[in-house]
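Protein sequence lines, in the order shown, are assigned to chains V and F. If you're matching positions, the first sequence starts at 1238 in the working numbering and goes up one per residue. If you're matching positions, the second sequence starts at 16 in the working numbering and goes up one per residue. C-beta: ideal position from N, C-alpha, C; glycine also. To start, the structure under review is shown below, and the notes come after it.
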Amino acid sequence: MTDQEKLLQELLEKHKAGTLKPADRYAIPPQLMPAQDEIERRSNVNEVATGYTETQARLEALRCLQCKNAPCVQGCPVKIKIKEFIAEIADGNFQKALDIIRENSLLPAVCGRVCPQEVQCQLPCTVGKKFKDVNKAVSIGRLERFVADWGRAQHDESIPQIAAETGKKVAVIGSGPGGIVVATDVRRAGHDVTIFEAFHKTGGVMVYGIPEFRLPKALVKEEIDQLEKMGVKIVCNFVVGRTKSIKQLMDEDGFDAVYIGVGAGLPMFMSIEGEHLVGVYSANEYLTRANLMRAYDFGKGADTPIAMSKRVAVVGGGNVAMDSARTAVRLGAEKVYLVYRRSEKEMPARVEEVHHAKEEGIEFHLLQNPKRILGNAEGVVTAIECLKYELGEPDSSGRRRPVPIEGSEFTIDVDTVIIAIGNGANPLIGQTTPGLELNKWGNIIVDDNCKTAIDGVYAGGDIVLGAATVILAMGQGRTAAAAINEYLKNK
Amino acid sequence: MADIESPLIASAAKPGQFVIVCLSSAYSERIPLTIAGSDPKKGTIRLIWQAVGKSTTELGHLEVGDEIENILGPLGKPTHIEKFGTVVCVGGGIGNAPLLPIATGMKKAGNKVISIIGARTKELLILEEDFKAISDELIVVTDDGSYGKKALVTEPLKEVCRRPEKPALAVAIGPAIMMKFCCATTKEFDIPTVVSLNTIMIDGTGMCGGCRVEVGGQTKFVCVDGPEFDGHKVNFDLMMKRMQAYKKQEAQALEEYNKKHKCRIGLDK
């Protein structure tokens, strides 16, 4: 028996006897996420975090104080009954834990991996507060992932119960996390659901954007397979607004309701000199080439090329920037710099991703920002000129505004620059759907039920929120699906 | 050339639009091809392409009845067609294919259409009969003089611009270098010129930004803002450099493909 197992046994005995005190719980060491070796993983695309063992999961679950007011739930966009599912893990009732999560979340294996827990459920956690360190909060996300992976390993082929067919048709535009949730919830109510996807593969950002080493594609595929088993129809290579408009779908094809979950739109650039040089990518392009088109297998079957970079600068501080930098490492770059204009504290990326990125040798250039990109006569990137910054007064986002330091220019030699500073709204649906109301950034305006200005048309995720997360898209999907089901009841 | 059954795209397609073709979902690349014509009744679209890389070569090896796994479209903004007066349509090489539906549309809208079509050599000249049928005047040139007049398309274009009945609009589609010089020519005469760009793309719906070009000093996406732009504002030099981005890898992929693929009718002998 290992030390961990011994510890668990002792704790469980106390737990059963009802003598497990908060002090005992605080004394349990926070369970670290096992991960692939930090050198080895730089040359493969396999998942980095390998997941808790049963012992680890139960130990971590015993760290939870089972607070009466469960502050963690307030931090969860879909209000998972966190304290309840963690109690079941501690007791070894993994199936029950999974059932509890499933009441509120449809994609626990995904959310457990990609949710920014340290700013959501884990932020208000009492254990973290006690240690004055959010990183010592109960690892709710890792526990969620553990339960989801346990469930997957049971090969449970059962599908959710579906109400009697209503004969009503619902179109879901986009097969990302929001679309999957809407399709599931609306199909459960007995409606005939069709998902329209522009790409040749389903899964949206979970497939083109988030890399394999952070979210295995097989896992996304399981979710899509589940939808198909439920009778949801999936049409790929169909771009709504061009192949057919929303109006055509409703008037000609008889769809009674539509959900717009088209996700991220046009990548933003910085409007600086040199952005058109060869070797300058949007993160969307870089990640899509690498993930969806599998450019990491170029020459070994895949037809889509990607720059064979040696020295890469990634601009930005979010998850997408981390994903791009870490992808570049795996594609063989010798030196990868992450250039971010604020300090590490302001980085929107998940703490775990920042940690993994550093482990993989990515060099952080904080409080710096590109001024221009330099190239040679062939129009190929040779260097990036940066300015140093300092933090000034807080801006509208509450974060301290970065202010450039005059005359602080310096250059870094690179052959590739990846811009990961966010996306603007895709104009396609707006342009081709008269009656839809958009805000000044082109995002679709919806009410509390995710309903747009057009009856029967709902929207959620990035196209509404601007830059959001998988879980926020899922949360809006839930809201929209409930509203669609209600709307169709009376139609 | 191929007619491809795709009823949805065929009924939605308008002149100037393009599709993205992806031969197989597992590993193929996504390539943009401009639609050369569509027949909504038959439910088919016509694609004409030149085998330059691996995917276009592979596409050329398909036979009647074969299936293409993925076609997405129609993408891009359709050509703005109205009665302008005299419209001069200039096509070079494979650019004649997307030009044809535009020239046809211009004719139908009541314009006088002067078509100038060119190719490197006689064998590469396409759609001459089709252009003859819809043009008020047709000028054919080849670079090597093997057919029609020995000239680059800019030569007759200049001559047409000089005429007393100055064209109200020029449309130029072809290799980037040809479009660049067509625009230089029409600029002298202050004739508005539309060009159709075919840059490197992945999704074709605005998401990747790989297709971006500089138009009038601003970044534009060919897939959603184009593919047609005011040719006098396009930075062709920058665009041509970007189109070379993967030249080495493209050559490598083609070479490997050709090694594996044995031509069944002996064209590789």
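Annotated three-state conformation of P89 of chain F is strand, per DSSP. Residue pairing by DSSP places Y1626 of chain V opposite V:P1641 in a beta bridge.
Assignment of beta-bridge partners to E20 of chain F by DSSP yields F:T59. For the segment 1319-1346 of chain V, the continuous alpha helix (DSSP H) assignments of 4+ residues that do not extend past its boundaries occur at 1319-1327, 1331-1341, in sequence order. Ranked by Cα distance from A1385 of chain V, the first of V:Q1357, V:T1564, V:I1338 is V:I1338. For the pair E1434 of chain V and L1344 of chain V, the CB atoms are not nearer than the 8 Å cut-off.
Residue burial is scored here from C-beta neighbours: R178 of chain F has fewer than 16 other C-beta atoms within 10 angstroms and is therefore classed as exposed. Assignment of D1650 of chain V by DSSP, reduced to helix, strand and coil, places it in the strand class. Taking CB atoms only, K256 of chain F has a neighbour in chain V less than 8 Å away.
In this structure, L1524 of chain V sits near Y1445 of chain V, with a CB-CB distance shorter than 8 Å. For the segment 1634-1665 of chain V, the residues whose beta carbon sits under 7 Å from a beta carbon of chain F are, in order, N1663, P1664, L1665. For G106 of chain F, the enclosing beta strand (DSSP E) covers residues 101-107. In the structure shown, A1620 of chain V adopts extended strand secondary structure according to DSSP, grouped into three states.
E1355 of chain V counts as buried, since at least 16 other C-beta atoms from the protein chains shown sit within 10 angstroms of its C-beta.
Assigned with DSSP and collapsed to three states, H1602 of chain V falls in strand.
Excluding residues up to 5 positions away in sequence, I1708, L1709, G1712 lie with their Cβ nearer than 6 Å to the Cβ of P1314 of chain V in the same chain. With a threshold of 16 other beta carbon atoms within 10 Å, E270 of chain F falls short and is exposed.
Under the rule that a run must span 4 or more residues, the alpha helix (DSSP H) segments found entirely inside the segment 1362-1447 of chain V read 1363-1367, 1377-1390, 1414-1425, 1442-1445. For D54 of chain F, DSSP records a beta bridge to F:T59. I24 of chain F is a Cβ neighbour of V34 of chain F, given a cutoff of 8 Å.
Among the residues of chain F, those whose CB is under 8 Å from the CB of T1525 of chain V are I217, D218, M222, C223, following chain order. Looking at the DSSP output, Y1724 of chain V shares a beta bridge with no other residue.
In the DSSP assignment, E144 of chain F falls within the alpha helix (DSSP H) that extends over 143-149. Listed along chain F, the residues sitting closer than 7 Å to N1521 of chain V by beta-carbon distance are M222, C223, G224. By the neighbour-count definition (other C-beta atoms within 10 Å, threshold 16), K1438 of chain V is a buried residue.
Contact between the segment 1609-1621 of chain V and the segment 1673-1688 of chain V is absent: fewer than three C-beta pairs spanning the two stretches fall below 8 Å.
Nearest CB-CB separation between M1530 of chain V and chain F: below the 8 Å threshold. Chain-ordered, the chain V residues with CB closer than 8 Å to the CB of F236 of chain F read L1503.
K164 of chain F and E170 of chain F have their alpha carbons spaced roughly 10 Å apart. Within chain V, no C-beta atom comes nearer than 9 Å to that of A187 of chain F; the closest sits roughly 22 Å away. Annotation: K202 of chain F to T157 of chain F spans about 23 Å, alpha carbon to alpha carbon. Listed along the chain, the chain V residues whose CB falls inside 9 Å of the CB of L87 of chain F are A1435, F1436, H1437, C1473, N1474, F1475, V1476, R1479, T1480.
Interface with chain V (8 Å Cβ-Cβ cutoff): S40 of chain F is included.
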